[in-house]
Every structure is written in structure tokens, then in C-alpha cells.
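All remarks here apply to the structure that follows.
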Amino acid sequence: MTIQNSLEMTFMPSTIQALGANLYATVPPIIAELVANSYDAMATEVLIDLIDNEKSKKITVADNGMGMTFEDINTKFLRIGRNRRHEVTPEYLDTDLSLRERISRRKVIGKKGLGKLSFFGIAKEITVSTKCKGLLNEFTLKLDDILREDNENEVTSNYKPKIISQNVATVEQAGTKITLGDIKRVSDFDSKKLANSLSKIFIFDSDFVVRIAHNGQDLVEVTNEMKYSGVDKEFIWNIPDDILVEDNDDMKKRVSGEVFTAFKPIPKGNQMSGITLFSRTKLVNEPEYFTESTSSHFFTYVTGILSIDYIDELEEEVINTNRQQLNWHDPELEKLRNYLQNVMKYIEKDWRNKRKEAQKTALKKKTEIDIDHWTGTMKDEVRDIISPLITSFEKLSDFPEKIDDASTDLKILHKLIPEYPDYHWRHLHEKLKDVTYDYYKEGNYFTDVCEGVKKYLNELQRKSISELSDRALIENIWSLQTPKLSVVDKYVRENPDIFSSDTIINITQGHRMLVVSIWQAFRCPLSHQMFQDLSKSGLYTDGDCLYALGILPHLFRRLDNSELVNF
0 MTIQNSLEMT FMPSTIQALG ANLYATVPPI IAELVANSYD AMATEVLIDL
50 IDNEKSKKIT VADNGMGMTF EDINTKFLRI GRNRRHEVTP EYLDTDLSLR
100 ERISRRKVIG KKGLGKLSFF GIAKEITVST KCKGLLNEFT LKLDDILRED
150 NENEVTSNYK PKIISQNVAT VEQAGTKITL GDIKRVSDFD SKKLANSLSK
200 IFIFDSDFVV RIAHNGQDLV EVTNEMKYSG VDKEFIWNIP DDILVEDNDD
250 MKKRVSGEVF TAFKPIPKGN QMSGITLFSR TKLVNEPEYF TESTSSHFFT
300 YVTGILSIDY IDELEEEVIN TNRQQLNWHD PELEKLRNYL QNVMKYIEKD
350 WRNKRKEAQK TALKKKTEID IDHWTGTMKD EVRDIISPLI TSFEKLSDFP
400 EKIDDASTDL KILHKLIPEY PDYHWRHLHE KLKDVTYDYY KEGNYFTDVC
450 EGVKKYLNEL QRKSISELSD RALIENIWSL QTPKLSVVDK YVRENPDIFS
500 SDTIINITQG HRMLVVSIWQ AFRCPLSHQM FQDLSKSGLY TDGDCLYALG
550 ILPHLFRRLD NSELVNF
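Letter by letter, the sequence shown follows residues 0 to 566 in numbering that gives the first Met the number 0.
Have a look at this one:
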């Protein structure tokens, strides 16, 4: 094997400008490229240090990955456009079993070999220090020197980085440290903001930990939870298990992740409103909704991340260089977009149902009114009228500052229209309610009337102090010749003259006939016939029973106001 003693980068100068200094203009995506390199180097830990002082600003990114040999630097790191996915793991790593296991589990992120150029988007000087196989190698890349190598007469240029250390023996563990120096930046670094930005670019796990320091202090660990900082999850859908979408099984197997909605609209500055797509743990498509119209307020509540690793296996490259958007014009992605559209439609519909139930629950907790049970006791025409009002109260319960008003209004409405409103609106006598309410709720109206008649007869016995029952009791108490009770004697006209004898006779006889009729029409048939036969035959309808039930309050009022007759 030929021993190499120099380092050399071969490139087209225009490439450095287009894919380097002009690719990214902010720190987070550039640091993300360095983090991705560490991930591909099978590191488990990455330490980023943001250093700013009066003299200068620089950023260091150090990992405990496999590192690079001097040969690796030449053939891999300094090679522009290298696709590392087609490479075989170096033989010298075969002895590292834990590393081999990690390699077998991880899928490489890097594909185009262009990420290293993005470093020049903020820095003019790059220093790489890497340890591998007990040897240290260190070198520096300077943007001004690279561009100075440009030669108008040549298609490509060669640049030889400055070597600081070459194959120096070391006992330190393998790994790589990259320093971005001579940074073109005025404002101070913010480790927390950078951590928050990186959390939106990667999916992290316990096998890959990234920490950020500011001037060597105040370590901040980047976590997945930072993606949704300040967002409270309300409903969660696991993809594909919780989604009932009629689509081909291929998409269901290829797309996985979590979508959730928040209790409140997601702040626009959160940068996570919408669904973010990742492949091999790194962002490939910034948040969007995968629908033509986003006018529904649902879209201000929804966010989530989905993994679509299969796109990295496609023959055509569908991930844009800046990894902010997929090439949706590619035919291979048409099925994916259609599937995501159907997923979002399902979630939007399901969210509305869940949201409505949550609103009902909130109002129930505040008012102790079970809305579903309450409205279920109403006739359709009544329910249709008050449903829009109830819906408006439920929507107000979304806002903590308005739930008290919504609860108060709902209680007022409930008082005006109680459960089983038709029953209450009949203004039944209190004694009648005691024996009829349960049967009314069950819809057993025939028994309801019969029990009401029985209660009336009991009250008639009590007031008249009689031991008679049924027809004999009615005939005796309301006798036309010798009545025991009078329903008219206590009433006089405003004159104040008594009513005419014809009026008194008509009311007395009519009242007696009304009591006999309702007793004979409803109480007597049960002594000789099964209720089911009467009901199923249509001989008695629910309406008949309810009309009869409406007569009983009148009979009770007459009984309450009647007077004993003295002969």
C-alpha cells in the first residue's frame, strides 16, 4: 500500500461558493451537518462548544466516533461528492464489537458528500483533529486559500490543507473534533436556542446524545421534547396503528411516527406547526399539512413527526441538498403525498370528534350536567332548537377565561329546559311526580298513567277518610246526590255572587265523569289484559298515555282545593 504524506482536496472553485458559503446562512443547519457526520461516524456522544469572547468567535464539535486515519482524510473527508453509503466498513474496525454492532444498527445519513462545504457558510477557517487506531492527525482548511487556488484555465483546482499533526501516537480514545474559526457573526451565541433548533432537525435516542456548552459551561442536552417546547399535547395518533385509511399496505409499512394536536393553537414562532418528515433520523421536509386548503382552524393545532426512511433507498435522489423539502414532483413520491393527505383528512375528522367530547367533558366537570344524557331526554324538535346553543357553549369551554360564562349560560338553559322537558312542562303535581317520573324516563307511559291514577285514588281515600276503593270510592265521594267532597263550594264570583246552579252542576258532573273515565280507560284494562297486548296492537299509543297524564294534574288540583260537604 502506498504511504501518503500530503493531503489534497480536488474541486471546482464554483462548487465551494455554491454549496459552501451560499448553502446556509445561519448556524443551526451548519452545526446539523457536523452532528450528522458524527452520527455517521458511529459516535454515541457529541459535545458542541459555542465560544465567544472579546478576541474571536469559534465553534467546536467533538465526538467519540470511529475517527479517521490519514488515508481516510484524503480519500473520504477531503473528497467532494463522496457517497459513503456505498463504502465497506474498514477492516481495522472488525475488532471493535460494540462499534460493529452500532454500525449494523445505524443507517448512514450522509449521501452526497457536500455537507462539509457548508461549514464555510459561517466560518473562514476549519480545523479538523481526529484520532483513529492510536494515531492523531490534524489539519486546517482556509476558505481564502482554497478560493485563491482558482485557475480560469483549469476545470478543477487542487488545494493542500495545512497539516498540523500527522500520525502522532496517542492513547486518547478515537473520535473527531472540528473547529469552525474566523466566524462571520456579530451577535452572541445562545446554546439553548441552538439546542432547540437542532431538536427540530434530528430524532434523538439514548444511543446518540448531543450536548451544547457556552464557553465550556452550562451544558444543555438536546432532546426530542424540545421540538414541542411550550406545546401541551391533547390528542395523539400513532402512525399507522391509529389511522383508519384505505390505502395500499406499502405506505402503511413505510410511514411511521406520531401526530398530535395541542390544547391551544401552536405559536407561529414554534416552527413545528404541521407535520415534519424525517429519514434516517434527520429532517428531509420541513413542517407542512399536505393539503390544498389550510383554512380550517384544525391546522393551527396539529403537529408531529413521521419517519419515511424508505425514500433513501429509492433509485432517484428525492431529497433536496438543503434537506428542507422533498422533490415532490418525483413520481415515486406521488403515493406518499396521497397517503399523507388521507392521513391528515382522517386525523382532522377524528380530532373534531375528540375535541367535541373533550369540550363536553370540560363543561360536565364544571356544571355537573351530562349533555348527551340531557339532550337524549328531549324530543327531536326541542333538541334541534337548542343544539346550536349547546355547541356554542362547548366551543367557549376551549378558552379558560370563558368557561365560567359558558358554564353559567348552560346552567340557565338547563333550568329552562330540564331533563325530560315534556314531563316537567306538564306541570305535574308533586305527589304525582313521586310515582310517575321513573316510568316516564323509561318510556313506559301506560304504566305511568296507571300509577298516577292509583296515586290519585290513594289521595282521595286519605282526604275523604274513606275505606272504599276503586269505582265504589269514586261513586261515593263524587256522588251526584250525596257527595262527600265538593270541588266548587269554595269558589265565588267577583260580585261576590255564587255561580249559577247550571254551572255548578256541569262542573261537578263533568269532574265526576272525568275521574271515572280515566280510571275506567286506563286503570281497569290492566286487570283483564296484558299491557304488551294493548300497546303492540296500537289500541293505546304513547301519545294517548301522555295526554291522559296531562289530565291528572287537573284532577289533583281539584282534589287539593276540594272541601268536605256537610249535610
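For glycine and all other residues, C-beta sits at the position ideal for the given N, C-alpha and C. None of these values were measured; they are calculated from a predicted model.
Expressed to the nearest angstrom, what Euclidean distance is found between the alpha-carbon atoms of residue 290 and residue 56? Against the sequence shown, residue 290 aligns to sequence position 291. Against the sequence shown, residue 56 aligns to sequence position 57. Whole-angstrom Cα-Cα distance: 43 Å.
For residue 226 and residue 205, believed in contact at Cβ under 8 Å, the rounded distance: One-based indexing of the sequence shown puts residue 205 at position 206. One-based indexing of the sequence shown puts residue 226 at position 227. So it is not a contact: roughly 17 Å between Cβ atoms.
Mind checking who residue 186 pairs with in its DSSP beta bridge? In the sequence shown, residue 186 corresponds to position 187, counting from 1. The partner list for residue 186 (beta bridge, DSSP) is empty, contrary to what the question assumes.
Look at residue 64 and residue 129 and say whether their C-beta atoms are less than 7 Å apart. Here residue 64 refers to the residue found at position 65 of the sequence shown. Here residue 129 refers to the residue found at position 130 of the sequence shown. Going by C-beta atoms, residue 64 is not nearer than 7 Å to residue 129.
State the Cα-Cα distance for the pair residue 429 and residue 423, rounded to the nearest angstrom. Position 430 of the sequence shown, counted from the first residue, corresponds to residue 429. Position 424 of the sequence shown, counted from the first residue, corresponds to residue 423. Distance between the alpha carbons of residue 429 and residue 423: 11 Å.
For residue 384, which three-state DSSP category applies? Counting from one through the sequence shown, the residue named residue 384 turns up at place 385. In this structure, DSSP gives residue 384 a helical state, which the three-state scheme calls helix.
Should residue 24 go down as buried or exposed, given a rule of 16 or more other Cβ atoms within 10 Å for buried? Residue mapping note: residue 24 aligns to position 25 of the sequence shown, counting from 1. That one is exposed.
Roughly how many whole angstroms lie between the Cα atoms of residue 118 and residue 321? In the sequence shown, residue 118 corresponds to position 119, counting from 1. In the sequence shown, residue 321 corresponds to position 322, counting from 1. The alpha-carbon atoms of residue 118 and residue 321 are separated by roughly 13 Å.
Under DSSP, the alpha helix (DSSP H) around residue 454 begins and ends at which residues? Taking the sequence shown and counting its residues from 1, the one referred to as residue 454 is at position 455. Here the alpha helix (DSSP H) through residue 454 covers 444-463.
Is the distance from the Cβ of residue 62 to the Cβ of residue 35 below 7 Å? Start at 1 with the first residue of the sequence shown, and residue 62 comes out as number 63. Start at 1 with the first residue of the sequence shown, and residue 35 comes out as number 36. Not closer than 7 Å, so no.
Is the beta carbon of residue 221 less than 7 Å from the beta carbon of residue 261? Here residue 221 refers to the residue found at position 222 of the sequence shown. Here residue 261 refers to the residue found at position 262 of the sequence shown. In this structure, residue 261 does not lie closer than 7 Å to residue 221 by Cβ.
Would you kindly report the start and end of the unbroken beta strand (DSSP E) that includes residue 131? Mapped onto the sequence shown, residue 131 falls at position 132. Per DSSP, residue 131 belongs to the beta strand (DSSP E) from 122-131.
Apart from the five residues on each side of it in sequence, which residues of its chain come closer than 7 Å, Cβ to Cβ, to residue 378? For the purposes of this step, residue 378 is taken as the residue at position 379 of the sequence shown. Answer for residue 378: 421, listed in chain order.
Runs of 4 residues minimum, wholly inside the stretch 314-373: which ones carry the alpha helix (DSSP H) assignment? 333-366
If contact is defined by three or more beta carbon pairs under 8 Å, each pair taking one atom from either stretch, is the stretch 257-276 in contact with the stretch 303-319? Per the Cβ contact rule, the stretch 303-319 is in contact with the stretch 257-276 (3 or more Cβ pairs under 8 Å).
Opposing strand residues paired with residue 237 [DSSP bridges]: Position 238 of the sequence shown, counted from the first residue, corresponds to residue 237. Answer is 257, bridged to residue 237.
By DSSP, does residue 508 sit in helix, in strand, or in coil? Position 509 of the sequence shown, counting from 1, holds the residue named residue 508. In the structure shown, residue 508 sits in a helix (DSSP, three-state: H, G or I).
Could you compute how far the alpha carbon of residue 288 sits from the alpha carbon of residue 365? One-based indexing of the sequence shown puts residue 288 at position 289. One-based indexing of the sequence shown puts residue 365 at position 366. The alpha-carbon atoms of residue 288 and residue 365 are separated by roughly 35 Å.
Can we say the stretch 520-534 touches the stretch 426-441, given the rule of at least three CB pairs closer than 8 Å? no
Of the listed residues 243, 413, 363, 326, nearest to residue 348 (C-alpha basis): Along the sequence shown, one-based indexing puts residue 348 at 349. Nearest option by C-alpha distance: 243.
Which of helix, strand or coil DSSP assigns to residue 147: Translated into positions along the sequence shown, residue 147 becomes position 148. Residue 147 falls in the helix class under three-state DSSP.
6 Å Cβ shell around residue 418 - same chain, five flanking residues per side excluded: What you label residue 418 is simply residue 419 of the sequence shown in a count that begins at 1. So the list reads 373, 376, once near-sequence residues are dropped.
Kindly indicate the opening and closing residues of the alpha helix (DSSP H) around residue 531. One-based indexing of the sequence shown puts residue 531 at position 532. Element bounds for residue 531: 530-535.
Look at the alpha carbon of residue 519 and the alpha carbon of residue 550, and state the distance between them as a whole number of angstroms. Mapped onto the sequence shown, residue 519 falls at position 520. Mapped onto the sequence shown, residue 550 falls at position 551. Each residue's Cα considered, the two are about 14 Å apart.
Less than 7 Å separating the beta-carbons of residue 562 and residue 496? Here residue 562 refers to the residue found at position 563 of the sequence shown. Here residue 496 refers to the residue found at position 497 of the sequence shown. Contact: no.
Those residues which DSSP pairs with residue 180 across a bridge: Translated into the one-based positions of the sequence shown, residue 180 becomes position 181. In the DSSP output, where bridge partners are listed per residue, residue 180 has 124.
Count the other CB atoms, across all protein chains shown, that sit within 10 Å of the CB of residue 570; report buried if there are 16 or more and exposed otherwise. Residue 570 is absent from the structure shown; the chain starts at 0 and stops at 566.
Let me make sure I understand the geometry here. Which of 175, 134, 281 has the alpha-carbon closest to that of residue 107? By one-based count along the sequence shown, residue 107 stands at place 108. Nearest of 175, 134, 281 to residue 107, Cα basis: 281.
Please name the residue in 173, 480, 252, 228 whose C-alpha comes closest to that of residue 44. Reading the sequence shown from its first residue, position 45 is the one you call residue 44. Among 173, 480, 252, 228, the Cα nearest to that of residue 44 belongs to 173.
8 Å contact criterion, which residue 521 and residue 452 should meet: CB distance rounded: Along the sequence shown, read from residue 1 onward, the residue named residue 521 stands at position 522. Along the sequence shown, read from residue 1 onward, the residue named residue 452 stands at position 453. Residue 521 to residue 452, Cβ: 6 Å. Contact.
From the DSSP output, in three-state form, read off residue 539 for me. Your numbering for residue 539 matches position 540 in the sequence shown. In the structure shown, residue 539 sits in coil (DSSP, three-state: anything other than H, G, I, E or B).
Could you spell out the range, first to last residue, of the beta strand (DSSP E) harbouring residue 286? Mapped onto the sequence shown, residue 286 falls at position 287. Where residue 286 is concerned, the enclosing beta strand (DSSP E) stretches over 281-287.
By the three-class DSSP mapping on this structure, what secondary structure does residue 426 have? One-based indexing of the sequence shown puts residue 426 at position 427. It is coil, neither helix nor strand.
Could you check whether the stretch 500-514 touches the stretch 466-482, counting it as contact only if at least three pairs of C-beta atoms, one from each stretch, sit closer than 8 Å? yes
For residue 439, count neighbouring Cβ atoms within 10 angstroms of its own Cβ and tell me buried if that reaches 16, exposed if not. Translated into the one-based positions of the sequence shown, residue 439 becomes position 440. Residue 439 comes out buried.
Nearest-angstrom Cα distance between residue 240 and residue 336? Working through the sequence shown from its first residue, we reach residue 240 at position 241. Working through the sequence shown from its first residue, we reach residue 336 at position 337. Their Cα atoms are separated by approximately 19 Å.
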